[in-house]
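K.L.:
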Amino acid sequence: MLISVLLIALTYLMPLFGAIVFNSPNWTTWDDGSFSSIASALGGTFLSTWIMLASFASNAGMYIAELFCDSFQIMGMAQNELAPTFLGARNKRFNTPHNAVFASLIVILVLIEFDFNDIVNMTNALSAFYQILIFAAFIKLRYTHADLKRPYKVPGSIPMLLLGLLIPTALLMYIAVDVFFTLAPAMIVLGVTLAGFLYARLKKFTRSQFEDLSLDG
865 MLISVLLIAL TYLMPLFGAI VFNSPNWTTW DDGSFSSIAS ALGGTFLSTW
915 IMLASFASNA GMYIAELFCD SFQIMGMAQN ELAPTFLGAR NKRFNTPHNA
965 VFASLIVILV LIEFDFNDIV NMTNALSAFY QILIFAAFIK LRYTHADLKR
1015 PYKVPGSIPM LLLGLLIPTA LLMYIAVDVF FTLAPAMIVL GVTLAGFLYA
1065 RLKKFTRSQF EDLSLDG
């Protein structure tokens, strides 16, 4: 594992160090996509073309890997009734969650029209809400299931834990607020959040469902 991490780091660092040593164009002018310009200055059109093809293949690979990871996660949620059941369907030939893949693709096609900073703000806001829910669940479980057997336990009383979570929660709220300064991203974040609450309300999740889910895991 450690060797893999080091090798991945080297794949980023070695081209960067080489470009810094060559320094044409000057590093102060570098921007997104500058590696192709550096390759053109260093090895002409041939090297520049290879860099662009390698970048395309790399981005396509990361996109496909992320798409299928998300799709299988959605499929798992559907199988446990945490998402609409039609998202749990698998392709008969390839055994892939094709409905979840198409659902992910629709989300991507909607977001592709947005500025990158808006996408980052939306992702940060939803991630912040998710983390705050985890904090709330942590406090609730400490209060309602204090004697539950667990491999480890976070020390401290509930008031001390609340105090310890105060700063992280405030920071998460600060991060989430940025998205509400732009109308469209704010509406999407609110819509996704509201849809989640409405779905949970319509499904009328019970405590026994989540207990069965934890036992299955």
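Numbering (my numbering), first residue to last: 865 to 1081.
Yeah, the Cβ is synthetic: ideal placement off N, Cα and C, and Gly gets one too.
1. Would a C-beta distance cut-off of 8 angstroms place F936 and P961 closer than the cut-off?
2. Using only CA atoms, which one of I1039, A967, E930 lies nearest to P948?
3. Smallest Cα separation from L1047: which of I1031, M986, Y994?
4. Could you check how far apart the C-beta atoms of A992 and I1039 are, in whole angstroms? I think they sit under 8 angstroms.
5. Kindly indicate which three-state DSSP category L946 falls into: helix, strand or coil?
6. For A1010, does the three-state DSSP call read helix, strand or coil?
7. Given that a residue counts as buried once 16 or more other Cβ atoms are within 10 Å of its Cβ, and exposed if not, what is N963?
8. State the DSSP-derived secondary structure class of P889, mapped to helix, strand or coil.
9. Taking Y1007 as the reference, which of L990, L1026, Y1016 has the closest Cα?
10. Assign M939 to buried or exposed, taking buried as 16 or more other Cβ atoms, counted over all protein chains shown, within 10 Å of its Cβ.
11. Going by alpha carbons, who is nearest to Y994 out of G1060, S912, T875, T893?
12. According to the Cβ coordinates, are F886 and L906 closer than 8 angstroms?
13. For V1043, does the count of other Cβ atoms within 10 angstroms reach 16, so buried, or fall short, so exposed?
14. What are the boundary residues of the alpha helix (DSSP H) that includes I1022?
15. Under DSSP, the alpha helix (DSSP H) around N963 begins and ends at which residues?
16. Alpha carbon to alpha carbon, what distance is there between F950 and M941?
17. When DSSP labels each residue in this structure, what does A1048 get in the three-state scheme?
18. Output needed for P891: all residues of its chain with C-beta closer than 7 angstroms, excluding positions within five of it in sequence on either side, in chain order.
19. With distances taken between CB atoms, is the gap from P1049 to F978 smaller than 8 angstroms?
20. Here's the rule: buried if 16 or more other CB atoms are within 10 angstroms of the residue's CB, otherwise exposed. What is I1052?
21. To the nearest whole angstrom, what separates the beta carbons of T1033 and I996, a pair I think is in contact under 8 angstroms?
22. Assuming E945 and K1067 are in contact, meaning their beta carbons sit under 8 angstroms apart, how far apart are those beta carbons, in whole angstroms?
P.N.:
With the given structure in hand:
1. In the sequence shown, the residue the question calls residue 936 occupies position 72. In the sequence shown, the residue the question calls residue 961 occupies position 97. A contact, by the Cβ cut-off of 8 angstroms.
2. Against the sequence shown, residue 948 aligns to sequence position 84. If we check each option's Cα against that of P948, A967 comes out closest.
3. By 1-based counting over the sequence shown, the position of residue 1047 is 183. Comparing alpha-carbon positions, the option among I1031, M986, Y994 lying closest to L1047 turns out to be M986.
4. Within the sequence shown, residue 992 is the residue found at index 128, counting from 1. Within the sequence shown, residue 1039 is the residue found at index 175, counting from 1. Their Cβ separation, rounded to whole angstroms, is 5 angstroms, which keeps A992 and I1039 in contact under 8 angstroms.
5. In the sequence shown, residue 946 corresponds to position 82, counting from 1. Three-state result, L946: coil.
6. In the sequence shown, residue 1010 corresponds to position 146, counting from 1. In the structure shown, A1010 sits in coil (DSSP, three-state: anything other than H, G, I, E or B).
7. Position 99 of the sequence shown holds residue 963. It is buried - the Cβ of N963 has at least 16 other Cβ atoms within 10 Å.
8. The residue labelled residue 889 in the question sits at position 25 within the sequence shown. P889 falls in the coil class under three-state DSSP.
9. On the sequence shown, position 143 is the one that residue 1007 refers to. Of the listed residues, the one whose Cα sits closest to Y1007 is L1026.
10. Position 75 of the sequence shown, counting from 1, holds the residue named residue 939. The residue is buried, with at least 16 neighbouring Cβ atoms inside 10 Å.
11. Working through the sequence shown from its first residue, we reach residue 994 at position 130. For the residues G1060, S912, T875, T893, the minimum Cα distance to Y994 belongs to G1060.
12. Numbered from 1 along the sequence shown, position 22 holds the residue referred to as residue 886. Numbered from 1 along the sequence shown, position 42 holds the residue referred to as residue 906. Yes. Within cutoff.
13. Locating residue 1043 in the sequence shown gives position 179, counting from the first residue. With 16 or more Cβ atoms within 10 Å of its Cβ, V1043 is classed as buried.
14. Residue numbering aside, residue 1022 sits at position 158 when the sequence shown is read from its first letter. 1022-1041 is the span of the alpha helix (DSSP H), which, as asked, contains I1022.
15. In the sequence shown, residue 963 corresponds to position 99, counting from 1. For N963, the enclosing alpha helix (DSSP H) stretches over residues 962-975.
16. In the sequence shown, counting from the first residue as 1, residue 941 sits at position 77. In the sequence shown, counting from the first residue as 1, residue 950 sits at position 86. Looking at the two C-alpha atoms, the distance is approximately 11 angstroms.
17. Numbered from 1 along the sequence shown, position 184 holds the residue referred to as residue 1048. A1048 falls in the helix class under three-state DSSP.
18. As a working mapping, residue 891 is identified with position 27 in the sequence shown. It is Trp, not Pro, that sits at residue 891 in the sequence shown. Taken in chain order, the residues that qualify are I884.
19. Position 185 of the sequence shown, counted from the start, is the residue given in the question as residue 1049. Position 114 of the sequence shown, counted from the start, is the residue given in the question as residue 978. In contact: P1049 and F978 (Cβ atoms closer than 8 angstroms).
20. Along the sequence shown, one-based indexing puts residue 1052 at 188. Residue burial annotation: I1052 is buried, with at least 16 other C-beta atoms found within 10 angstroms of its C-beta.
21. As a working note, residue 1033 is residue 169 in the sequence shown. As a working note, residue 996 is residue 132 in the sequence shown. So it is a contact: roughly 6 angstroms between Cβ atoms.
22. In the sequence shown, counting from the first residue as 1, residue 945 sits at position 81. In the sequence shown, counting from the first residue as 1, residue 1067 sits at position 203. 7 angstroms between Cβ atoms; contact.
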